[in-house]
Structures are given as C-alpha cells and as structure tokens.
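Using the UniProt record's numbering, you'd call the opening residue of the sequence shown number 1 and step up by one each time.
For glycine and all other residues, C-beta sits at the position ideal for the given N, C-alpha and C.
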Amino acid sequence: MKQFPVIDPIATGKNIIRLRVERGMSVRDLQAYFGFEEPQAIYKWQQGKSLPSVDNLYALGALFEVPMEDILVSRTSQLNLFICEQQAEACCSPLFMGELLRLSRIRQRAKIV
C-alpha cells in the first residue's frame with residue numbers, strides 16, 4: 001500500500017529560506033512581491049508555523065523559477081533520509097559515510113525521493 005504523503009512544514013520553511021537566499025532576496029523583497037503590509041506571514045512560512053496558500057506557493061514557484069513541488073518537502077522523504085543515515089552510522093566505513101553524506105546533500109538539493 002502506498003504511504004499517504006505529508007508535508008513537513010519546518011523542512012519546507014528551511015527550503016523557502018534556502019531558495020530565497022540562493023536568489024539573493026530578503027524577506028522584505030518577498031513582502032514587496034506579495035504586497036503584504038507586514039512580513040509576518042513570510043516569517044511564519046520560514047519557521048514552519050504555517051504553509052503558503054496554494055496561490056502563494058504558485059507565486060513563490062514563479063518567483064524562484066522552480067515548480068511548486070520543489071518548494072515543498074515531504075515528511076516521509078526526510079524520515080527515509082534519517083533512517084538511511086542511522087543505518088550507515090551503525091554499519092559502514094568512514095569512506096562510505098562521506099559518500100553517503102555527499103549523496104544525501106545532492107539528493108536534498110535536487111529533491112529526489
């Protein structure tokens with residue numbers, strides 16, 4: 001049976017921060033883009049206290065030039081990565097651990113599940 005997907009709001013918030021910083025944008029830049037009077041909504045997204053609405057998620061994707069799916073982070077993908085890292089710590093050589101860490105960073109950036 002296929003597992004029901006769940007969005008991880010904290011990891012998604014960190015991803016929004018990463019995408020914003022990579023593009024050299026400030027929170028105030030996003031505030032102006034969305035036309036918000038105050039930046040609180042953006043801070044809540046970044047802290048994982050709330051998620052952007054579908055419209056705002058679509059707009060973020062357009063602004064960051066990525067599909068909406070590249071902004072959202074699945075709770076299961078984070079869990080699978082954590083389990084894999086735990087298993088590697090218990091049974092693998094330092095050389096393999098370095099390679100696993102490198103691959104997990106690439107996977108996280110590319111959002112490959």
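First through last residue of the alpha helix (DSSP H) which encompasses residue i
i	result
Leu63	Val54 to Phe64
Ile7	That residue, Ile7, is in no alpha helix (DSSP H); it is neither H nor E in DSSP.
Arg28	Val27 to Phe34
Contact under 9 Å by Cβ, residue i with residue j
i	j	result
Ile7	Ser50	no
Leu57	Ile71	yes
Collapsed DSSP secondary structure at residue i in the structure displayed
i	result
Ile71	coil
Gly48	coil
Ile112	Because the pLDDT at Ile112 is just 47, under 50, the model does not fix this residue reliably, and the point stays unresolved.
Closest by C-alpha distance to residue i, when choosing among the options
i	options	result
Ala45	Ile16, Leu63 and Met1	According to the sequence as given, residue 45 is Trp; it is not Ala. Out of Ile16, Leu63 and Met1, Ile16 has the C-alpha closest to the C-alpha of Trp45.
Pro9	Val66, Gln47 and Glu38	Gln47
Val66	Arg28, Ala32, Gly35 and Leu19	Leu19
Leu63	Lys2, Pro39, Tyr33 and Ser53	Tyr33
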